[in-house]
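Data first, discussion second: the structure below is written as structure tokens.
Protein chains: 6
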Amino acid sequence: DFLNALQEIIPAFGASTDDLERCRLNGIVDCGNRHKHIYQRAMLLVEQVKVSVGSPLLTCLLEGPSGSGKTALAATVGIDSDFPYVKIVSAESMIGLHESTKCAQIVKVFEDAYRSPLSIIILDDIERLLEFVAIGPRFSNLISQTLLSLLKRLPPKGKKLLVLGTTSEVSFLESIGICDGFSVTYHIPKLETKDVKEVLKQLNVFAEDDIDAAAEALNDMPIKKVYMLIEMAAQGEYGGAAEAIYSGKEKIKIAHFYDCLQDMVRF
Amino acid sequence: DFLNALQEIIPAFGASTDDLERCRLNGIVDCGNRHKHIYQRAMLLVEQVKVSVGSPLLTCLLEGPSGSGKTALAATVGIDSDFPYVKIVSAESMIGLHESTKCAQIVKVFEDAYRSPLSIIILDDIERLLEFVAIGPRFSNLISQTLLSLLKRLPPKGKKLLVLGTTSEVSFLESIGICDGFSVTYHIPKLETKDVKEVLKQLNVFAEDDIDAAAEALNDMPIKKVYMLIEMAAQGEYGGAAEAIYSGKEKIKIAHFYDCLQDMVRF
Amino acid sequence: DFLNALQEIIPAFGASTDDLERCRLNGIVDCGNRHKHIYQRAMLLVEQVKVSVGSPLLTCLLEGPSGSGKTALAATVGIDSDFPYVKIVSAESMIGLHESTKCAQIVKVFEDAYRSPLSIIILDDIERLLEFVAIGPRFSNLISQTLLSLLKRLPPKGKKLLVLGTTSEVSFLESIGICDGFSVTYHIPKLETKDVKEVLKQLNVFAEDDIDAAAEALNDMPIKKVYMLIEMAAQGEYGGAAEAIYSGKEKIKIAHFYDCLQDMVRF
Amino acid sequence: DFLNALQEIIPAFGASTDDLERCRLNGIVDCGNRHKHIYQRAMLLVEQVKVSVGSPLLTCLLEGPSGSGKTALAATVGIDSDFPYVKIVSAESMIGLHESTKCAQIVKVFEDAYRSPLSIIILDDIERLLEFVAIGPRFSNLISQTLLSLLKRLPPKGKKLLVLGTTSEVSFLESIGICDGFSVTYHIPKLETKDVKEVLKQLNVFAEDDIDAAAEALNDMPIKKVYMLIEMAAQGEYGGAAEAIYSGKEKIKIAHFYDCLQDMVRF
Amino acid sequence: DFLNALQEIIPAFGASTDDLERCRLNGIVDCGNRHKHIYQRAMLLVEQVKVSVGSPLLTCLLEGPSGSGKTALAATVGIDSDFPYVKIVSAESMIGLHESTKCAQIVKVFEDAYRSPLSIIILDDIERLLEFVAIGPRFSNLISQTLLSLLKRLPPKGKKLLVLGTTSEVSFLESIGICDGFSVTYHIPKLETKDVKEVLKQLNVFAEDDIDAAAEALNDMPIKKVYMLIEMAAQGEYGGAAEAIYSGKEKIKIAHFYDCLQDMVRF
Amino acid sequence: DFLNALQEIIPAFGASTDDLERCRLNGIVDCGNRHKHIYQRAMLLVEQVKVSVGSPLLTCLLEGPSGSGKTALAATVGIDSDFPYVKIVSAESMIGLHESTKCAQIVKVFEDAYRSPLSIIILDDIERLLEFVAIGPRFSNLISQTLLSLLKRLPPKGKKLLVLGTTSEVSFLESIGICDGFSVTYHIPKLETKDVKEVLKQLNVFAEDDIDAAAEALNDMPIKKVYMLIEMAAQGEYGGAAEAIYSGKEKIKIAHFYDCLQDMVRF
Ligand SMILES: Nc1ncnc2c1ncn2[C@@H]1O[C@H](COP(=O)(O)OP(=O)(O)OP(=O)(O)O)[C@@H](O)[C@H]1O
Ligand SMILES: Nc1ncnc2c1ncn2[C@@H]1O[C@H](COP(=O)(O)OP(=O)(O)OP(=O)(O)O)[C@@H](O)[C@H]1O
Ligand SMILES: Nc1ncnc2c1ncn2[C@@H]1O[C@H](COP(=O)(O)OP(=O)(O)OP(=O)(O)O)[C@@H](O)[C@H]1O
Ligand SMILES: Nc1ncnc2c1ncn2[C@@H]1O[C@H](COP(=O)(O)OP(=O)(O)OP(=O)(O)O)[C@@H](O)[C@H]1O
Ligand SMILES: Nc1ncnc2c1ncn2[C@@H]1O[C@H](COP(=O)(O)OP(=O)(O)OP(=O)(O)O)[C@@H](O)[C@H]1O
Ligand SMILES: Nc1ncnc2c1ncn2[C@@H]1O[C@H](COP(=O)(O)OP(=O)(O)OP(=O)(O)O)[C@@H](O)[C@H]1O
Ligand SMILES: [Mg+2]
Ligand SMILES: [Mg+2]
Ligand SMILES: [Mg+2]
Ligand SMILES: [Mg+2]
Ligand SMILES: [Mg+2]
Ligand SMILES: [Mg+2]
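Shown next as structure tokens:
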């Protein structure tokens, strides 16, 4: 299955960069069929770009709510692709730079990719690369024009490139024409109760009897928030409980877990 | 017919630039009467600019939805014109440049053209040249003023120039007065079922029985997306199928084809 | 009459600049009474500025739809004025310049004019000089303030100046107060059927029987588009017909003419 | 009376600058009681600033429609004041300058004035000084803040200053708080029939019988346009009539006068 | 009472700067209880800042219509405080400076104050410091952020600071959060009939019988306009009357006074 | 209890910076259960970040009305954390700097933190860091993008960071996506009557009989304003009363207290 596939592949490409690994700090667990399907489709694109002659450039957008696992999924595809050039472009490594400098760095990544026969570029959090803010809205048109052109520019003869984008602001990207610039778009969903349940089983921090209730309470939450919440709850009401819980000696108290959940939704 | 005409002419001008050829990576197939008619009219303009005395400058805009074949058509007219100077101006070759630098490069192309007795300039994706983005909308007024003036400025005595523009944002160009700056405008359409059917026959990747259904499903799709979709489907559900299909040994499975189509419309 | 008057005067001032002549590439034909009346009034202003003491500065705006003949008319007045200094200021000669440079060039033209006892300055396509674009709208306020001041600044004692402006965006000019800056404004109209008929007779490219129908079809078209359309039609459906038609051996086929007309209105 | 008062005073101050004289190119005629009243009040302010101790700074705004005589009136007050420092600040002498340079020049005029015991500064066409344009609206806030502060800043001890402003955009000045910055505001009106009649009598270019009709037709016109229109009409329908009319040998033909009037209202 | 209190205190602090004295060019007369109350409260703040330990920074805003006496009141508090550092920050001393230079100057005043054990800073006409203009509205955000931060920044240990602001645009200051930045706000009102009457009695320029009528006519006028109007009226209808009136030999003619009042409200 | 806990802890970390201590100039009194609960939760986050492996970065926003005690609370958590690196980032220390310089300073604080195994960064008054002003609204997108990225960027391996933000403009932060950037958000409330009563008892400046009435009058006031108001009232109606009151010899007169309260709500 999906998870096993991942676990078989990952070690084989342990040489992949640290950067990509840090994008999935909590590892990869089985999150249900919808996540799995998208992973498989993305891996087919990896193959298509390898064999195609008419399409030396393929582009795919992963969109979904904040914390739904987009970056971790893109990083996983990059790691699993076994392509010689896999690079993540992220706003976090360009903090405070002028938009023209950011442009230059992005263009540089593409030009490096053009030198490799097979490349993957991950444009992570495209709205952040674009310096998007909903009021206005404001964003860097210089960068958006650069992306629009890069998403259309063919690599030189004989080179192949797959671009993976991620965003949690898909309607903004739609409105500036960036979605149209991608060949395909996949929606990464939040977790449903049954997905959460599987995740909680794997994590093994709740008493068996509490798992159903906890999973129910976490319905429609993104995977990243699930991890954060469990960690908060694991501290215990007066602190100091985490070690016992992660070592399996104790379980999270469901009442305290509800308390933390309420805090997260907003005190 | 149209296709044959093209095939007869192309070899004769094999000396045309690589740039123009890369604009039609999937070649030129017969896409139906509407595409053919526009090609013929554009070739009449090529002749008119050659013989006219009162109009040393002719301008023609090709507008239509994304992927409908505008760039490939303009490139084909350029190649088939046999003019000594044929140049494509595209945002992709000016990524990240300041608007004033872009202006200077565009003006340079026109001034080079003014030195040749007969020239064609293709202004590809004018909205991209203008750094257009629908929010606002924003665009470079410096470049739009430059284009408005260039579309009106006569070449020096004895020189002739045909300008071909392409755009998928015709209503924007209308609103800033650029459409009015062109002598004629043609609309490049998406494909209707009967057009697609002809294309699919030529490509020969479906079982005979599936062609009608496939063509029906692809009604109202631009030619460029038709190519992309077929290539995706040709990988097969588990990958690895492309070679067999392109070599004609196997056909695309219609069920998998529908799957891919759904992905494209948005998962 | 108007046309004869022109033809008598023009040779006398053959020394007028090439620039002005290039503004009327298709010559000047009789376009009907409305064009004629405006020409005569403009020539009266030429006289007034010569003899006046209280008004050393006169300003006149020619406004009308795109292609209605404004530039050709202004150029003709300039040529016919016999003034020692006649200069056209046009955006086409200032492409890509910064607005402050454009300002400086415009001011320079006025200061040159102030050195001549009698001068005419043609501000051609004022909306283009102002870098106007309807979206926003945007325009250069630096240049508009410059024009507003220049239209009010008196030449030095003993010098006389007539400023002729042209525009196809009169309501915009109105809204920024530039219309008020002109002493008089004339509206240059499109052609009515009876005007077109006269023009077609003079051009002699239609069979006698077709003239009425053609003129009817061209009702409410500007003179410049009439010329463009006739030239397109003169190529013939399959090209190659132009020479025969202009030499008078053949006439334009009315059916093909209708076809071209339809293209122009938008395919 | 008003006119006589003027004529008595003007010679006495013939030393006033040429600049001020050029502001009333058509001289000063009796324009009716409303103009006269404002002139008298403005002359009282001249006296008040001279004798006051509590108000070393007085400010007065003359507002009214374009061409109503504001600049000529302000210039006349300046000439008649007999103050050692009288200076007009006008956009025409600062064409194309950057707003900060304009500011500096305006401040310079005030600082020069602070050195004279008695000064008048005319801020002519304040909306033009502010680079105002109705679309937006746009204007220079740098200059408007400068004026707002200058209108409140006291001259040094022992110095007196009267500031006269003119504008035809009083509602704009109101909206940015500049009107409030002036101690008093006077409205300079257009001419009513009875005012025009007096003016026409003095100019003596119409037949006696036509004066009533002409004055009626010119009701509600500003004095400046009255002058312009009469000069146009004085050329005669075919030109060449001006000399005879100004010398009194002939009179303006009322029919041609109506024609010209119509042109001015817009052909 | 209030006035006497002032008169007793002022001589004692005659060493206060000339700048502050010039802020009350017409001196300080008794303007009624509302003005008096605010003066007293402001003097209590002077004491509070001296003795407090928990609040080394106090801030107080005086807001009210144009000319209501805000600046004169703040200056009086400054003079009467007997603090070693009293400084007025006014737009008039920063005309034409760039907003960043203004910021630097304002910050400089605060840093100078931080060196004195007890300081008062008067931020006069805050909307003018902010380059506020109602259209837009526009204002300098750089300066407004600077003020917002300065109004919150504590002086160094052992130093005390009272900030007095004045404004006639309180709703604007409210909307940008500057009002909230002040600990207390007082509204300086226009004069009511009974206040005006007292003022007129003290000035002694009307015949006894006219005082009631005049005070009635001046109801709801700010103190500053009252002074201006009286001075205008004191010139007399034909000028030259001022001396006789101020010396007490003559009184202002009530009819002429009404005339002037009408001019001020707008002719 | 909460207060005692604080008092036990504070001395232990007396080495904490002066900056943090100045953030609670009036010390920390018991303000009721709601304040206490938030303090405890924040201390749990301090523990979580210490022990967690999956979350080396935790972020927490304290939002609430102006003066509700956010900064004092955050400073207290910082002091009580015993972390080697605790730093407050505040607009007051960056007055007048250009937004890019502010960015650089903020980034510097984070990079310093990345060098310490355990760090707390307090982003105080985030709306002020962002140069927010409600009109427009305007704010620095450069800084907001920087914060958005910093709130997501992981510290290097082995380092832990807790970011505490404070704001009184939570809906603005919401609208630009900054709230979503924080893992948890707590609302710091104004005081209710029963909270105020406790505070007043501790301060001991009212007669016993007046405490209920005073507490009632102060219902729904932020703690910071309570302190300010009491200090104003402590001066007494004619000044000079403060010492007697703080030394306990006299009590605040309730009538004068009501007077002051009215002033604060706006005279
Ligand atoms: N199957 C999975 N797919 C994706 N993420 C997973 C999966 N299993 C576990 N995770 C963990 O869930 C977290 C997903 O966070 P990630 O940053 O990828 O979300 P995101 O959608 O990119 O969030 P954001 O919108 O904030 O960018 C990671 O820590 C990852 O290790
Ligand atoms: N008859 C045809 N006309 C145009 N294109 C054709 C035709 N036959 C095949 N093609 C192929 O279809 C594709 C058309 O893509 P093209 O880039 O020209 O579309 P476009 O309208 O310019 O797209 P975009 O809006 O993205 O710029 C090309 O790959 C071209 O080789
Ligand atoms: N009587 C005429 N008046 C004006 N133009 C004429 C006349 N007769 C023939 N023409 C021709 O018609 C054309 C008019 O074009 P012109 O450029 O002057 O129009 P325009 O109104 O300035 O157009 P645009 O709005 O594009 O600036 C010229 O080629 C000119 O030679
Ligand atoms: N009594 C008068 N008052 C004012 N102007 C007069 C008078 N008599 C004659 N004139 C003439 O009328 C003209 C008034 O024009 P002026 O430029 O002063 O008007 P304006 O209101 O300043 O116009 P604009 O709004 O264009 O600035 C001048 O040429 C002046 O010589
Ligand atoms: N009791 C008083 N309080 C204030 N001003 C007084 C008083 N008595 C007399 N005045 C005089 O009234 C005038 C008040 O003007 P001031 O400039 O202080 O008003 P303002 O409200 O600051 O006006 P603006 O809104 O234009 O800044 C001063 O000339 C001052 O000398
Ligand atoms: N338990 C408490 N919690 C917070 N503040 C307290 C407490 N007890 C007393 N205080 C005092 O109350 C004041 C709270 O002011 P503080 O500046 O923290 O408020 P704030 O919400 O940050 O205000 P602002 O919105 O203006 O930034 C401080 O002077 C602090 O000493
Ligand atoms: Mg992500
Ligand atoms: Mg294209
Ligand atoms: Mg023209
Ligand atoms: Mg004027
Ligand atoms: Mg003031
Ligand atoms: Mg705070």
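Protein chains in written order, with the numbering used here: chain A, 59 to 325; chain B, 59 to 325; chain C, 59 to 325; chain D, 59 to 325; chain E, 59 to 325; chain F, 59 to 325. Glycine included, each C-beta is placed from N, C-alpha and C at the ideal position.
{"query": "For Pro-214 of chain C, count the other beta carbons within 10 Å of its own beta carbon; 16 or more makes it buried, fewer makes it exposed. Which is it?", "result": "exposed"}
{"query": "Mind the definition here: the segment 150-169 of chain F touches the segment 269-282 of chain F only if three or more C-beta pairs lie below 8 Å; say whether that holds.", "result": "no"}
{"query": "Nearest by alpha-carbon distance to Glu-232 of chain A: which of A:Ser-305, A:Glu-266, A:Ile-184, A:Val-263 is it?", "result": "A:Ile-184"}
{"query": "In the structure shown, what three-state DSSP assignment does Ser-177 of chain A receive?", "result": "strand"}
{"query": "Mark Gly-239 of chain D as exposed unless 16 or more other C-beta atoms lie within 10 angstroms of its C-beta, in which case mark it buried.", "result": "buried"}
{"query": "In three-state DSSP terms, what is His-95 of chain A?", "result": "helix"}
{"query": "Cβ closer than 8 Å: which chain D residues qualify as neighbours of Ala-162 of chain E?", "result": "Result: empty, since nearest Cβ-Cβ is about 17 Å, beyond 8 Å."}
{"query": "Check Gln-65 of chain F in the structure and name its three-state DSSP category.", "result": "At Gln-65 of chain F, the pLDDT of 44 sits below 50, so the modelled position is not reliable; the number obtained from the coordinates is stated separately. Helix at Gln-65 of chain F."}
{"query": "I'd like to check one pair, Ile-201 of chain E with Glu-169 of chain E: are the Cβ atoms closer than 8 Å?", "result": "no"}
{"query": "Can you tell me where the beta strand (DSSP E) holding Ile-146 of chain D begins and where it ends?", "result": "143-147"}
{"query": "Flag this pair as touching only if the segment 127-136 of chain A and the segment 110-125 of chain B have three or more C-beta atom pairs under 8 Å; answer yes or no.", "result": "no"}
{"query": "Cβ of Ser-229 of chain F versus every heavy atom of ligand 6: is any distance shorter than 7 Å?", "result": "no"}
{"query": "Please tell me whether, using a cut-off of 7 Å, the distance from the CB of Asp-183 of chain F to the nearest non-hydrogen atom of ligand 11 is below it.", "result": "no"}
{"query": "With distances taken from CA atoms, which of B:Ile-193, B:Ser-207, B:Ser-126 is nearest Ile-236 of chain A?", "result": "B:Ile-193"}
{"query": "What runs of the alpha helix (DSSP H), each 4 residues or longer, lie entirely inside the segment 167-247 of chain C?", "result": "184-187, 199-208, 228-233"}
{"query": "If you reduce the DSSP assignment to three classes, tell me which class Cys-89 of chain E lands in.", "result": "coil"}
{"query": "For a minimum of 4 consecutive residues, which ranges assigned as the alpha helix (DSSP H) are wholly contained in the segment 270-303 of chain C?", "result": "281-292"}
{"query": "Thinking C-beta only, is Asp-182 of chain B closer than 8 Å to Ile-146 of chain B?", "result": "yes"}
{"query": "In whole angstroms, give me the CA-to-CA distance for Phe-190 of chain B and Pro-142 of chain B.", "result": "32 Å"}
{"query": "Contact between the segment 251-270 of chain E and the segment 103-119 of chain E: three or more CB pairs below 8 Å?", "result": "no"}
{"query": "Under the three-state reduction of DSSP, which class applies to Glu-256 of chain F: helix, strand or coil?", "result": "helix"}
{"query": "Cβ-heavy atom distance between Val-147 of chain B and ligand 4 below 7 Å?", "result": "no"}
{"query": "My guess is that Val-284 of chain D and Val-254 of chain D are in contact by the Cβ rule of under 8 Å, so how many angstroms apart are they, rounded?", "result": "6 Å"}
{"query": "Within the present structure, is the beta-carbon of His-156 of chain A separated from the nearest heavy atom of ligand 4 by less than 7 Å?", "result": "no"}
{"query": "Compare the C-beta of Ser-177 of chain B with all C-beta atoms of chain C and state if any pair is closer than 8 Å.", "result": "no"}
{"query": "For Ser-198 of chain F, which residues in the same chain have their Cβ closer than 8 Å to its Cβ, ignoring the five residues on either side in sequence?", "result": "Glu-157, Lys-160, Leu-188, Glu-189"}
{"query": "Going straight from the alpha carbon of Leu-319 of chain B to that of Glu-289 of chain B, what length do you get?", "result": "11 Å"}
{"query": "So Ile-121 of chain F is in the alpha helix (DSSP H); what residue range does that whole segment cover?", "result": "Note on identity: in this sequence residue 121 of chain F is Glu, with Ile being the wrong assignment. First-last for Glu-121 of chain F: 115-121, but that is the beta strand (DSSP E), not the alpha helix (DSSP H)."}
{"query": "Beta carbon of Gly-112 of chain F: closer than 7 Å to some heavy atom of ligand 2?", "result": "no"}
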